[in-house]
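The structure under discussion appears below in the form of structure tokens.
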Amino acid sequence: DSGVTQTPKHLITATGQRVTLRCSPRSGDLSVYWYQQSLDQGLQFLIQYYNGEERAKGNILERFSAQQFPDLHSELNLSSLELGDSALYFCASSVEPLLYTEAFFGQGTRLTVV
Amino acid sequence: DQQVKQNSPSLSVQEGRISILNCDYTNSMFDYFLWYKKYPAEGPTFLISISSIKDKNEDGRFTVFLNKSAKHLSLHIVPSQPGDSAVYFCAASLQGGSEKLVFGKGTKLTVNP
Chain A
12 DSGVTQTPKH LITATGQRVT LRCSPRSGDL SVYWYQQSLD QGLQFLIQYY
62 NGEERAKGNI LERFSAQQFP DLHSELNLSS LELGDSALYF CASSVEPLLY
112 TEAFFGQGTR LTVV
Chain B
47 DQQVKQNSPS LSVQEGRISI LNCDYTNSMF DYFLWYKKYP AEGPTFLISI
97 SSIKDKNEDG RFTVFLNKSA KHLSLHIVPS QPGDSAVYFC AASLQGGSEK
147 LVFGKGTKLT VNP
């Protein structure tokens, strides 16, 4: 158990809908990262938050947004969903922005858009 | 443009033998490299890392080698065990401006009894 909790584990929704994925980081971790893993792809970095503020942005679509709350949990919002958004979405956390430290991953949320 | 490449999608070895997983990167500014292991239906789990100031790091059965001039790193598992069967991801990070981990696509290792 990495200590990072993601909910829900599975999500099935229709095209055009909006969903929210939730992540609770490890106790004491201030940084939260979101990654997307599509079929046969590596993990694509989406966005990072540190202590409530956006720290780095990757290949995140404009239809996607995220935030980190004062209690440090984070939510990833996906809207106007398309079939191609079907993927595993991972959250990871670390004590601080990566400076020779490793990030710990949650089990992921499997999103299926039908 | 893929900055971290794992050119072998899969690797099969016999139990007790050595497993060698390879990773190449293109960005010479990367200064920290990690290997993650992932079982089905689970998140990636950190395995071992190496800083660019080193060329080798060892942790039990796992050793990572870094060749900066070739922009290449490898993970050696000796001896391989059936429980090592998983997907292994190579990742790299860039200090001082970009704090994200850049991942390769992974290599699926199968260790046969």
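Protein chains in written order, with this note's numbering: chain A, 12 to 125; chain B, 47 to 159.
Glycine included, every Cβ here is placed at the ideal spot set by N, Cα and C.
Hey, is residue i's beta-carbon within less than 8 Å of any beta-carbon in chain B?
| i | result |
| --- | --- |
| A25 of chain A | no |
| L87 of chain A | no |
Look at residue i and residue j and say whether their C-beta atoms are less than 8 Å apart.
| i | j | result |
| --- | --- | --- |
| W45 of chain A | A77 of chain A | yes |
| S95 of chain B | F108 of chain B | no |
| G89 of chain B | F80 of chain A | no |
| L140 of chain B | D77 of chain B | yes |
| F55 of chain A | G39 of chain A | Reading the sequence as shown, one finds Gln at residue 55 of chain A and not Phe. No, these two residues do not count as a Cβ contact at 8 Å. |
| R74 of chain A | L87 of chain A | no |
| K83 of chain B | L93 of chain B | yes |
| L57 of chain A | V106 of chain A | no |
| Y134 of chain B | G152 of chain B | yes |
| L122 of chain A | S91 of chain A | no |
| Q137 of chain B | V124 of chain B | What sits at residue 137 of chain B in the sequence shown is Ala, not Gln. No, these two residues do not count as a Cβ contact at 8 Å. |
| T26 of chain A | E93 of chain A | yes |
| P159 of chain B | P128 of chain B | yes |
| A120 of chain A | Q17 of chain A | Per the sequence shown, residue 120 of chain A should be read as Thr rather than Ala. In this structure, Q17 of chain A lies closer than 8 Å to T120 of chain A by Cβ. |
Closer than 7 Å by beta-carbon distance: list the chain A residues that pair up with residue i, in chain order.
| i | result |
| --- | --- |
| E88 of chain B | Q118 |
Which residues in chain B sit within 7 Å of residue i, going by Cβ to Cβ distance?
| i | result |
| --- | --- |
| G69 of chain A | K146 |
If we cut at 8 Å on Cβ distances, does residue i have a partner in chain A?
| i | result |
| --- | --- |
| S95 of chain B | yes |
| G150 of chain B | yes |
| L155 of chain B | no |
| L119 of chain B | no |
Just the chain A side, please: which residues come within less than 9 Å of residue i by C-beta, in chain order?
| i | result |
| --- | --- |
| F92 of chain B | S13, E113, A114, F115, F116 |
Sort out for me which residues DSSP pairs residue i with in a bridge.
| i | result |
| --- | --- |
| E84 of chain A | The sequence as given places His at residue 84 of chain A; Glu does not occur at that position. Paired residues: none, contrary to the question. |
| V59 of chain B | B:V157 |
| K102 of chain B | B:F111 |
| V124 of chain A | A:T24 |
| Q17 of chain A | A:C34 |
Could you work out which residues of chain A lie near residue i, taking near to mean beta carbons separated by less than 8 Å?
| i | result |
| --- | --- |
| F76 of chain B | Residues of chain A passing the Cβ test: none, with the nearest at roughly 12 Å. |
| F29 of chain B | Any question about residue 29 of chain B goes unanswered here, given that chain B covers just 47 to 159. |
| L80 of chain B | E113 |
Under 9 Å Cβ-Cβ, which residues of chain B neighbour residue i?
| i | result |
| --- | --- |
| F101 of chain A | G89, P90 |
* At 3 residues or longer, and completely inside the region 42-117 of chain A: list those beta strand (DSSP E) runs for me, N to C. => DSSP assignment within the region 42-117 of chain A yields the following whole beta strand (DSSP E) runs of 3 residues or more, N-terminal first: 42-48, 54-61, 64-68, 75-79, 85-89, 98-105.
Report the residue ranges of all beta strand (DSSP E) runs contained in full by the region 52-98 of chain B; include only those spanning at least 3 residues, in chain order.
56-60, 65-71, 78-84, 91-97
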